[in-house]
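Structure record follows, encoded as C-alpha coordinates.
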Amino acid sequence: MKKYMKNTQAKSILYTSIRSPHCLKAAIFLQEKGVPFERVEINLPAKEQKTPEFLAINPLGLVPVYEDDDGVHPDSLFIMQYLEEKYPEPQLFPKDEKQLQVALEWIELSSRQVRDVSHHLYWQIIEPPAEGADLQRIAELKQQGTEILQQLDETLAKTKWIMGDAMSVVDIAMIPWIYGYQRFDFPFETDFPDVWDWLTRLSKRDSFKDNFHKEGRPFFDESP
38 MKKYMKNTQA KSILYTSIRS PHCLKAAIFL QEKGVPFERV EINLPAKEQK
88 TPEFLAINPL GLVPVYEDDD GVHPDSLFIM QYLEEKYPEP QLFPKDEKQL
138 QVALEWIELS SRQVRDVSHH LYWQIIEPPA EGADLQRIAE LKQQGTEILQ
188 QLDETLAKTK WIMGDAMSVV DIAMIPWIYG YQRFDFPFET DFPDVWDWLT
238 RLSKRDSFKD NFHKEGRPFF DESP
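In the numbering used here, the protein residues as written are 38 to 261.
Below, the structure written as C-alpha coordinates:
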(Lines of atoms letter the chains of each structure in order from A and count residues from 1; the text may use other names and numbers.)
(Lines give C-alpha, C1' and ligand atoms only; values in the text may rest on other atoms or scores of the structure.)
Protein backbone atom coordinates (compact mmCIF):
# COMPACT_ATOMS: atom_id res chain seq x y z
CA MET A 1 0.00 0.00 0.00
CA LYS A 2 1.24 3.46 -0.81
CA LYS A 3 2.12 5.58 2.19
CA TYR A 4 2.18 9.32 2.39
CA MET A 5 5.78 10.49 2.72
CA LYS A 6 6.13 13.29 5.26
CA ASN A 7 9.51 14.91 5.74
CA THR A 8 9.45 16.40 9.21
CA GLN A 9 12.92 17.87 8.75
CA ALA A 10 11.93 20.18 5.88
CA LYS A 11 11.17 23.77 6.86
CA SER A 12 10.20 25.01 3.42
CA ILE A 13 8.05 22.78 1.19
CA LEU A 14 6.33 23.56 -2.10
CA TYR A 15 3.64 21.07 -3.06
CA THR A 16 3.66 21.37 -6.81
CA SER A 17 2.89 19.75 -10.15
CA ILE A 18 4.96 19.65 -13.30
CA ARG A 19 1.73 20.33 -15.22
CA SER A 20 0.85 23.58 -13.47
CA PRO A 21 2.08 27.04 -14.54
CA HIS A 22 0.79 28.36 -11.21
CA CYS A 23 3.24 26.06 -9.46
CA LEU A 24 6.05 27.18 -11.75
CA LYS A 25 5.59 30.86 -10.86
CA ALA A 26 5.55 30.06 -7.12
CA ALA A 27 8.82 28.14 -7.54
CA ILE A 28 10.40 30.95 -9.58
CA PHE A 29 9.35 33.47 -6.94
CA LEU A 30 10.88 31.38 -4.15
CA GLN A 31 14.17 31.10 -6.00
CA GLU A 32 14.27 34.79 -6.89
CA LYS A 33 13.79 35.50 -3.19
CA GLY A 34 16.67 33.16 -2.38
CA VAL A 35 14.48 30.88 -0.24
CA PRO A 36 15.59 27.22 -0.31
CA PHE A 37 12.68 24.82 -0.57
CA GLU A 38 11.87 21.17 -1.01
CA ARG A 39 9.63 20.29 -3.91
CA VAL A 40 6.95 17.61 -3.47
CA GLU A 41 5.26 16.45 -6.66
CA ILE A 42 1.49 16.01 -6.61
CA ASN A 43 0.36 13.69 -9.39
CA LEU A 44 -2.67 15.52 -10.78
CA PRO A 45 -3.73 12.87 -13.34
CA ALA A 46 -3.73 10.32 -10.50
CA LYS A 47 -5.91 12.70 -8.44
CA GLU A 48 -3.44 12.85 -5.56
CA GLN A 49 -4.70 16.36 -4.90
CA LYS A 50 -8.06 14.84 -3.90
CA THR A 51 -6.71 12.22 -1.49
CA PRO A 52 -7.42 12.57 2.24
CA GLU A 53 -3.70 13.04 2.85
CA PHE A 54 -3.46 16.06 0.58
CA LEU A 55 -6.85 17.47 1.58
CA ALA A 56 -5.52 17.52 5.14
CA ILE A 57 -2.88 19.96 3.87
CA ASN A 58 -5.14 21.98 1.57
CA PRO A 59 -8.89 21.30 1.87
CA LEU A 60 -9.39 23.01 -1.51
CA GLY A 61 -7.50 20.17 -3.21
CA LEU A 62 -5.39 22.52 -5.33
CA VAL A 63 -1.71 23.19 -5.97
CA PRO A 64 0.53 25.01 -5.37
CA VAL A 65 0.72 24.95 -1.59
CA TYR A 66 3.67 26.33 0.35
CA GLU A 67 4.40 25.14 3.88
CA ASP A 68 6.93 26.52 6.31
CA ASP A 69 7.33 27.03 10.06
CA ASP A 70 4.54 29.61 10.01
CA GLY A 71 1.95 27.27 8.52
CA VAL A 72 0.34 26.32 5.22
CA HIS A 73 -0.15 28.87 2.44
CA PRO A 74 -2.30 27.94 -0.60
CA ASP A 75 -2.75 29.77 -3.94
CA SER A 76 0.14 31.14 -5.98
CA LEU A 77 -0.74 34.83 -5.46
CA PHE A 78 -1.18 34.42 -1.71
CA ILE A 79 2.08 32.47 -1.55
CA MET A 80 3.95 35.24 -3.34
CA GLN A 81 2.37 37.97 -1.18
CA TYR A 82 3.28 36.02 1.96
CA LEU A 83 6.88 35.54 0.80
CA GLU A 84 7.18 39.23 -0.10
CA GLU A 85 6.18 40.19 3.43
CA LYS A 86 8.44 37.62 5.07
CA TYR A 87 11.41 38.20 2.77
CA PRO A 88 11.23 41.84 1.61
CA GLU A 89 14.50 41.69 -0.33
CA PRO A 90 14.80 41.58 -3.24
CA GLN A 91 11.61 43.59 -3.66
CA LEU A 92 9.31 41.94 -6.21
CA PHE A 93 5.98 43.67 -5.42
CA PRO A 94 5.70 47.45 -5.91
CA LYS A 95 5.49 49.43 -2.67
CA ASP A 96 3.60 52.34 -4.23
CA GLU A 97 -0.15 51.73 -3.89
CA LYS A 98 -0.99 52.81 -7.46
CA GLN A 99 1.78 50.69 -8.91
CA LEU A 100 0.71 47.77 -6.74
CA GLN A 101 -2.81 48.02 -8.14
CA VAL A 102 -1.40 47.98 -11.69
CA ALA A 103 0.66 44.91 -10.81
CA LEU A 104 -2.39 43.12 -9.41
CA GLU A 105 -4.33 43.92 -12.58
CA TRP A 106 -1.56 42.34 -14.68
CA ILE A 107 -1.57 39.28 -12.40
CA GLU A 108 -5.35 39.05 -12.75
CA LEU A 109 -4.95 39.20 -16.54
CA SER A 110 -2.36 36.43 -16.42
CA SER A 111 -4.55 34.17 -14.28
CA ARG A 112 -7.66 34.67 -16.39
CA GLN A 113 -7.46 35.69 -20.07
CA VAL A 114 -3.82 34.73 -20.60
CA ARG A 115 -4.34 31.44 -18.81
CA ASP A 116 -7.64 30.70 -20.60
CA VAL A 117 -6.09 31.12 -24.06
CA SER A 118 -3.27 28.76 -23.12
CA HIS A 119 -5.56 26.23 -21.48
CA HIS A 120 -8.13 26.03 -24.27
CA LEU A 121 -5.57 26.04 -27.10
CA TYR A 122 -3.78 23.17 -25.38
CA TRP A 123 -6.94 21.07 -25.41
CA GLN A 124 -7.68 22.00 -29.02
CA ILE A 125 -4.17 21.61 -30.50
CA ILE A 126 -1.90 19.56 -28.24
CA GLU A 127 -4.50 17.11 -26.93
CA PRO A 128 -7.55 17.67 -29.16
CA PRO A 129 -10.95 16.15 -28.35
CA ALA A 130 -11.89 12.79 -29.80
CA GLU A 131 -14.26 14.42 -32.26
CA GLY A 132 -11.45 16.58 -33.58
CA ALA A 133 -10.31 20.15 -33.10
CA ASP A 134 -12.75 23.03 -33.50
CA LEU A 135 -11.05 25.24 -36.10
CA GLN A 136 -13.31 28.21 -35.46
CA ARG A 137 -12.62 28.01 -31.73
CA ILE A 138 -8.86 27.82 -32.42
CA ALA A 139 -9.07 30.93 -34.60
CA GLU A 140 -10.96 32.81 -31.88
CA LEU A 141 -8.41 31.79 -29.24
CA LYS A 142 -5.47 32.70 -31.48
CA GLN A 143 -7.02 36.15 -32.01
CA GLN A 144 -7.39 36.60 -28.25
CA GLY A 145 -3.79 35.50 -27.78
CA THR A 146 -2.63 37.94 -30.45
CA GLU A 147 -4.38 40.82 -28.68
CA ILE A 148 -2.73 39.86 -25.38
CA LEU A 149 0.70 39.68 -27.01
CA GLN A 150 0.15 43.05 -28.72
CA GLN A 151 -0.69 44.65 -25.37
CA LEU A 152 2.38 43.09 -23.78
CA ASP A 153 4.61 44.07 -26.70
CA GLU A 154 3.48 47.70 -26.52
CA THR A 155 4.30 47.76 -22.81
CA LEU A 156 7.71 46.13 -23.24
CA ALA A 157 8.61 48.50 -26.07
CA LYS A 158 8.83 51.22 -23.42
CA THR A 159 10.42 49.31 -20.52
CA LYS A 160 12.84 46.44 -19.95
CA TRP A 161 10.39 44.63 -17.68
CA ILE A 162 6.61 44.83 -17.53
CA MET A 163 6.56 47.16 -14.52
CA GLY A 164 9.66 49.17 -15.36
CA ASP A 165 13.42 48.80 -15.07
CA ALA A 166 13.42 45.91 -12.57
CA MET A 167 11.94 42.44 -12.79
CA SER A 168 8.84 42.05 -10.64
CA VAL A 169 6.14 39.63 -9.62
CA VAL A 170 4.28 40.54 -12.84
CA ASP A 171 7.03 39.10 -15.03
CA ILE A 172 7.04 35.96 -12.88
CA ALA A 173 3.25 35.63 -13.11
CA MET A 174 3.26 36.07 -16.88
CA ILE A 175 6.14 33.93 -18.08
CA PRO A 176 4.71 30.42 -17.46
CA TRP A 177 1.76 31.17 -19.74
CA ILE A 178 3.54 33.26 -22.38
CA TYR A 179 6.38 30.74 -22.61
CA GLY A 180 3.76 28.08 -23.28
CA TYR A 181 2.30 30.15 -26.12
CA GLN A 182 5.30 29.07 -28.19
CA ARG A 183 3.58 25.70 -28.67
CA PHE A 184 0.80 27.41 -30.62
CA ASP A 185 2.97 29.03 -33.33
CA PHE A 186 2.45 32.68 -32.47
CA PRO A 187 4.93 34.72 -34.57
CA PHE A 188 6.93 36.04 -31.62
CA GLU A 189 10.14 37.07 -33.37
CA THR A 190 8.47 38.91 -36.26
CA ASP A 191 5.29 40.34 -34.75
CA PHE A 192 6.14 40.69 -31.05
CA PRO A 193 9.90 41.38 -30.91
CA ASP A 194 9.86 43.05 -27.50
CA VAL A 195 7.93 40.15 -26.00
CA TRP A 196 10.42 37.80 -27.62
CA ASP A 197 13.36 39.67 -26.09
CA TRP A 198 11.67 39.66 -22.66
CA LEU A 199 10.81 35.98 -22.97
CA THR A 200 14.36 35.08 -23.97
CA ARG A 201 15.88 37.01 -21.07
CA LEU A 202 13.52 35.56 -18.49
CA SER A 203 13.81 31.97 -19.68
CA LYS A 204 17.61 32.19 -19.35
CA ARG A 205 17.44 33.08 -15.66
CA ASP A 206 18.43 30.31 -13.26
CA SER A 207 15.09 30.65 -11.47
CA PHE A 208 13.29 29.62 -14.66
CA LYS A 209 15.74 27.00 -15.86
CA ASP A 210 15.95 25.33 -12.44
CA ASN A 211 12.17 25.06 -12.06
CA PHE A 212 10.71 24.58 -15.53
CA HIS A 213 9.49 20.97 -15.85
CA LYS A 214 11.17 20.09 -12.55
CA GLU A 215 9.63 17.27 -10.49
CA GLY A 216 10.12 16.86 -6.76
CA ARG A 217 10.00 13.79 -4.62
CA PRO A 218 6.76 11.77 -4.82
CA PHE A 219 3.96 12.60 -2.44
CA PHE A 220 3.39 8.91 -1.84
CA ASP A 221 5.93 6.17 -1.26
CA GLU A 222 5.72 3.91 -4.34
CA SER A 223 7.92 1.19 -2.87
CA PRO A 224 6.33 -2.21 -2.09
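Beta carbons are placed, not taken as given, at the ideal position from N, Cα and C, and that holds for glycine.
Coil, strand or helix - residue 156 by DSSP: helix
Residue of 151, 58 and 220 minimising C-alpha distance to residue 186: 151
8 Å CB neighbourhood of residue 206 in its chain, flanking five on each side removed: 66, 117, 121, 129, 130, 140 and 144
Length-filtered (3 minimum) beta strand (DSSP E) runs lying within the stretch 39 to 94: 49 to 53 and 75 to 78
Span of the alpha helix (DSSP H), counted from its first residue to its last, around residue 111: No alpha helix (DSSP H) contains residue 111, which is instead part of the beta strand (DSSP E) from 108 to 111.
Inter-stretch contact at 8 Å, needing at least 3 Cβ pairs: the stretch 76 to 94 / the stretch 45 to 65: yes
Proximity to residue 177 [Cα-Cα], best of 203, 157, 244 and 256: 157
Residue 168 in three-state terms, based on DSSP: coil
Rounded straight-line distance, which links the Cα of residue 105 to that of residue 258: 22 Å
Short Cβ contact (9 Å threshold) for residue 244 with residue 75: no
Local conformation of residue 29 per DSSP, three classes: Here the chain has residues from 38 to 261 only, and residue 29 is not among them.
Continuous alpha helix (DSSP H) stretch holding residue 231: start and end: 230 to 240
Where the beta strand (DSSP E) through residue 208 begins and ends: Careful: residue 208 lies outside any beta strand (DSSP E), inside the alpha helix (DSSP H) at 206 to 217.
Rounded straight-line distance, which links the Cα of residue 90 to that of residue 188: 42 Å
Short Cβ contact (9 Å threshold) for residue 125 with residue 113: no
Rounded distance between the beta-carbons of residue 136 and residue 154, thought under 8 Å: So it is not a contact: roughly 26 Å between Cβ atoms.
Coarse secondary structure for residue 252, derived from DSSP in three states: coil
8 Å contact criterion, which residue 193 and residue 160 should meet: CB distance rounded: Residue 193 to residue 160, Cβ: 28 Å. No contact.
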